[in-house]
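Here is the structure we will look at, set down as structure tokens.
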Amino acid sequence: MDRVSRRCLVLLGGSFDPVHNAHVALGSYFARLLVPDELRIIPAGNPWQKDPLNASAADRVAMLRLAFDRQPVPVVVDEQEIRRRDGSYTIDTLRAVRAEAGPDASIAFVMGADQLLHLNTWHEWRTLFDLAHICAASRPGFSMDSLPADVAREFTRRTAPSSQLRETPHGLTFLALNLAVDVSATEIRSLLAQGERPQRLLPASVLDYIEQHNLYKS
Numbered sequence: 000m001d002r003v004s005r006r007c008l009v010l011l012g013g014s015f016d017p018v019h020n021a022h023v024a025l026g027s028y029f030a031r032l033l034v035p036d037e038l039r040i041i042p043a044g045n046p047w048q049k050d051p052l053n054a055s056a057a058d059r060v061a062m063l064r065l066a067f068d069r070q071p072v073p074v075v076v077d078e079q080e081i082r083r084r085d086g087s088y089t090i091d092t093l094r095a096v097r098a099e100a101g102p103d104a105s106i107a108f109v110m111g112a113d114q115l116l117h118l119n120t121w122h123e124w125r126t127l128f129d130l131a132h133i134c135a136a137s138r139p140g141f142s143m144d145s146l147p148a149d150v151a152r153e154f155t156r157r158t159a160p161s162s163q164l165r166e167t168p169h170g171l172t173f174l175a176l177n178l179a180v181d182v183s184a185t186e187i188r189s190l191l192a193q194g195e196r197p198q199r200l201l202p203a204s205v206l207d208y209i210e211q212h213n214l215y216k217s
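Residue numbers for the sequence shown follow numbering that gives the first Met the number 0, so the first one is 0 and each next one is one higher.
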């Protein structure tokens, strides 16, 4: 199957509590880099490594639709993790997307450098590469030397140019070094709880939604 006919999906998962400018920058960067058929945003339902979420699933989905309303490719907010009653594992999500997309589709799972630092704690993390490419974006102060040794080894040996990711189904890695956007959802929630308006950290439409629905109040 050649490059033109191979279907390509870019997946961006996270708590999105709330979605912020770094999330949008990350999704937009890989949407432009890989020109996928679809940018799929997957909000977590019950992320096992994090505390309970602050905003409801409905609010997080609504904010995602506002944040990603202007992208160069079609955007889908996939609620499969929200619908699960048990813990939310990325491996289960990738298996579901792979089953849906078929064995030949190129699937790129995108994460920030902070997630890459803890990749070896994820459930069946090595199996992720059997289902998707793993793509990450750097952040200020990040270096490959800061990764756990097993993650660094796996990531380095699979590194490939973006064109190769588009042409193969899974198993490769890509690190974006020129996307150093550092925004913290924890910081945003703290500022909002104090009555501040972190306009530079959030899309304007998302901040309006938060204020209209009285979210993240102390």
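Where is the CB? At the ideal position from N, CA and C, for every residue including glycine.
From a predicted model like this one, the values you see are computed outputs, not experimental measurements.
| Own chain residues within Cβ distance below 7 Å of Arg199, not counting five before or after | Excluding residues within five positions, none has a Cβ falling inside 7 Å.
| task | Could you check if Gly13 is buried or exposed, using at least 16 other CB atoms within 10 Å of its CB as the buried criterion? | result | buried
| request: Would you kindly report the start and end of the unbroken beta strand (DSSP E) that includes Pro26? | output: Contrary to the premise, residue 26 reads as Gly rather than Pro in this sequence. Not the beta strand (DSSP E): Gly26 falls in the alpha helix (DSSP H), residues 20-33.
| task | With DSSP collapsed to three states, give me the class of Leu191. | result | helix
| query | Identify the residues that DSSP records as bridge partners of Leu10: which are they? | reply | Its beta-bridge partners are Arg39, Phe108.
| message | When you compare the CB positions of Thr172 and Ile133, do they come within less than 9 Å of one another, or not? | response | One thing to note: Thr172 has its Cβ within 9 Å of the Cβ of Ile133.
| message | I'd like the list of long-range same chain contacts for Ala151, defined as Cβ closer than 7 Å, with 5 residues on each side in sequence excluded. | response | Met143
| task | Look up Ala136 in the DSSP assignment and give the residues it is bridged to. | result | Gly111, Ala175
| said: Suppose the cutoff is 7 Å on Cβ atoms and the five residues either side in sequence are ignored; what does the same chain contact list for Arg165 look like? | reply: Within the same chain, Arg165 has close Cβ partners Arg2, Cys7, Leu33, Ser105.
| request: Report all residues from its chain with a CB closer than 8 Å to the CB of Asp129; omit the five preceding and five following residues, and keep chain order. | output: His169, Gly170
| query | Can you list, in chain order, the residues of its chain whose CB lies under 8 Å from that of Gly44, leaving out five sequence neighbours each side? | reply | Ala56, Glu80, Ile81, Arg82, Arg83, Ser87
| Once you ignore the five residues that flank Met0 on each side, which residues in its own chain have a CB closer than 6 Å to its CB? | Any reading at Met0 needs caution, since the residue's pLDDT is 39, under 50, leaving its predicted position unreliable; the model's value is listed next. Closer than 6 Å at the Cβ level, and outside the excluded window around Met0, lie Asp103.
| field | Residue interval of the beta strand (DSSP E) (run including Val75) | value | 74-76
| said: By alpha-carbon positions, which one of Arg69, Val205, Gly111, Leu127 ends up nearest to Leu178? | reply: For the options Arg69, Val205, Gly111, Leu127, the alpha carbon positioned closest to that of Leu178 is the one of Gly111.
| field | Run of the alpha helix (DSSP H) containing Thr92, from where it starts to where it stops | value | 89-100
| said: Per DSSP, what are the beta-bridge partners of Thr158 in this structure? | reply: For Thr158, which the question treats as bridged, DSSP gives the partners Thr172.
| query | With 16 other CB atoms within 10 Å as the buried threshold, where does Thr89 fall? | reply | buried
| field | CA-to-CA distance, Gly26 to Arg69, given in whole angstroms | value | 11 Å
| request: Kindly indicate which three-state DSSP category Thr126 falls into: helix, strand or coil? | output: helix
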